[in-house]
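Everything below concerns the one structure shown next.
Chains as they are written, first to last, in the UniProt record's numbering: chain L, 1 to 289; chain R, 1 to 203.
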């Protein structure tokens, strides 16, 4: 499978935060969900992907091309949905089309108006009257009208009501059907991932903890429950984090086979949800999550 | 890149009318005003307003996400400003002519020259400063400028004859030509500085 985006050893330093030696691959034709706590580096990573920021070190390739010499070609094939309005607030969609459309070689007006109709967006109302969901649909309509192969979305489902969120996820699923597009989106809402993502990228404190298919993640991680007396130093090493209580412990492991071999029936194992993984990985005791 | 220039017109369709209204207003009510000043105001209005418009929103994120390079974005602003300046001065000339406001080609030339100088100093501010601080910066700039002027004006009056004699030593052509060269050089220098800053900008 080809990678649409590839980060190799990307580093970016800020005063109070840095992205360290990030390796990341986004696979073509798949939906990759990007998760991590606030301030973990999601926006920075996405900005690096769009060349809004320049890396201090490392290589970033999109469609196998680098920004230094192919910026326009890359952006020609990319669509973007940001978590806040980047369009002129006083302009309506008709005018925004007039300034955005000429930027793209393969803009398709018919497609644009079809999507506007489908998304039930008003053409003559200023962007400032748009709700967050409408703004997002407008951005998405523009990305789809120039037939973007890779669409990057920053928290598209945040702040949407549940009904609309479902609708959006359905739309996303639909646009992925022909298998030509690649979608990368950041989110806080882990149930979105379980619905539509093929791959999950998890970032924590500027480091990518994993970048795997959702099946792999679910097979590799498990929640282990048992009484405190099975815990010793060697056992502890198999856990990412242990939550102790008076009844016993609950721990996250990424070594299901190892735990089974050592502890067998003395503990119970449950599949870990993405949310469990996020929760336990935060403040993890061992680094190889 | 032409699209980037054109978009400043689309965005400012109302301001276009405002700038016409300003010139008409001057033509009717400010008949004692030096015509070059009207040309200067007319020429600077749209380019400056284009920057002020973009200061408010995260619009730079949009331009940089579309298939444009940073170089094109800055170049479009500087070339577009010259284009707007030429068109505005032409339009202002026609309006003043209609309202029987007498002016000469010299007024147009001085207006254009001052446009280059004013633009050269203000445009980079929009790249250097964070949005929201530019108004303050221009205000401070204005205070500093008027303070400086309070020194320059007495100096000029005191040494008026000397300066006039010095200038009279050159032919009119030399004077205008050197003025034009200085103004345009400043503008190009300003363009280079803006380009340098914008390449390194973080959004």
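Ideal placement from N, C-alpha and C gives every residue a C-beta, glycine not left out.
| Check | Outcome |
| --- | --- |
| Using a beta-carbon distance below 8 Å, is residue 95(L) in contact with chain R? | yes |
| Where does residue 240(L) fall in DSSP's three states? | strand |
| With residue 58(R) as the anchor, note down where its alpha helix (DSSP H) starts and where it stops. | Run containing residue 58(R): none; DSSP gives neither H nor E here. |
| Just by C-beta distance, which residues in the segment 150 to 180 of chain L are closer than 8 Å to chain R? | none |
| Run through DSSP, which three-state label would residue 140(L) get? | helix |
| Could you have a look at residue 231(L) and say whether DSSP puts it in helix, strand or coil? | coil |
| Flag residue 63(L) as yes if its beta-carbon sits less than 8 Å from any beta-carbon of chain R, otherwise no. | no |
| Suppose the cutoff is 8 Å on Cβ atoms and the five residues either side in sequence are ignored; what does the same chain contact list for residue 238(L) look like? | 253, 255, 258, 259 and 262 |
| With a threshold of 8 Å between beta carbons, is residue 136(L) in contact with chain R? | no |
| Would you report the Cα separation of residue 149(L) and residue 190(R), rounded to the nearest angstrom? | 38 Å |
| How would you label residue 159(L), buried or exposed, when you count the other beta carbons within 10 angstroms and need 16 or more for buried? | exposed |
| Where does residue 12(L) fall in DSSP's three states? | strand |
| Does the beta carbon of residue 65(R) come closer than 8 Å to any beta carbon on chain L? | yes |
| On the three-state DSSP scale, how would you describe residue 170(R)? | coil |
| State the start and end residues of the unbroken alpha helix (DSSP H) segment that holds residue 262(L). | 256 to 263 |
| Work out the CA separation of residue 2(L) and residue 185(R) for me, nearest whole Å. | 50 Å |
| Taking the C-alpha atoms as reference points, what is the distance between residue 220(L) and residue 271(L)? | 9 Å |
| Out of 33(L), 6(L) and 32(L), state which residue places its alpha-carbon closest to the alpha-carbon of residue 24(L). | 6(L) |
| Please report the distance separating the alpha-carbon of residue 195(R) from that of residue 73(R). | 9 Å |
| Return the bridge partner residues of residue 116(R) from the DSSP annotation. | DSSP, once it has assigned bridges, lists no residue as partnering residue 116(R). |
| Check each candidate in 187(L), 180(L), 133(L) and 178(L) and name the one with the smallest Cα separation from residue 164(L). | 133(L) |
| Are there 16 or more other CB atoms within 10 angstroms of the CB of residue 77(R), so buried, or fewer, so exposed? | buried |
| I'd like to check one pair, residue 225(L) with residue 248(L): are the Cβ atoms closer than 8 Å? | yes |
| At the level of alpha carbons, what is the spacing between residue 13(L) and residue 165(R)? | 59 Å |
| Mind listing which residues of the segment 107 to 136 of chain L have their C-beta closer than 8 Å to chain R's C-betas, in chain order? | none |
| Could you pull out every residue in the same chain whose Cβ sits closer than 6 Å to the Cβ of residue 51(R), ignoring the five residues on either side in sequence? | 126 |
| Mark residue 267(L) as exposed unless 16 or more other C-beta atoms lie within 10 angstroms of its C-beta, in which case mark it buried. | buried |
| Spell out a yes or no on whether the segment 34 to 49 of chain L and the segment 86 to 101 of chain L are touching, meaning 3 or more CB-CB pairs, one atom from each, closer than 8 Å. | no |
| Along the chain, where does the alpha helix (DSSP H) containing residue 111(L) start, and where does it finish? | 109 to 118 |
| Taking only three categories from DSSP, how would you classify residue 104(L)? | coil |
| If I measure Cβ to Cβ from residue 104(L) and keep anything under 6 Å in the same chain, skipping five residues before and after, which residues do I get? | 146 |
| Mind checking which residues open and close the alpha helix (DSSP H) that includes residue 204(L)? | Premise fails: residue 204(L) lies in the beta strand (DSSP E), 199 to 204, not in any alpha helix (DSSP H). |
| Classify residue 15(L): buried if its beta carbon has 16 or more other beta carbons within 10 angstroms, exposed otherwise. | exposed |
| For a contact defined as C-beta to C-beta under 8 Å, what are the partners of residue 3(R) on chain L? | 99, 102 and 103 |
| Which residues in chain R sit within 7 Å of residue 75(L), going by Cβ to Cβ distance? | 65, 66 and 67 |
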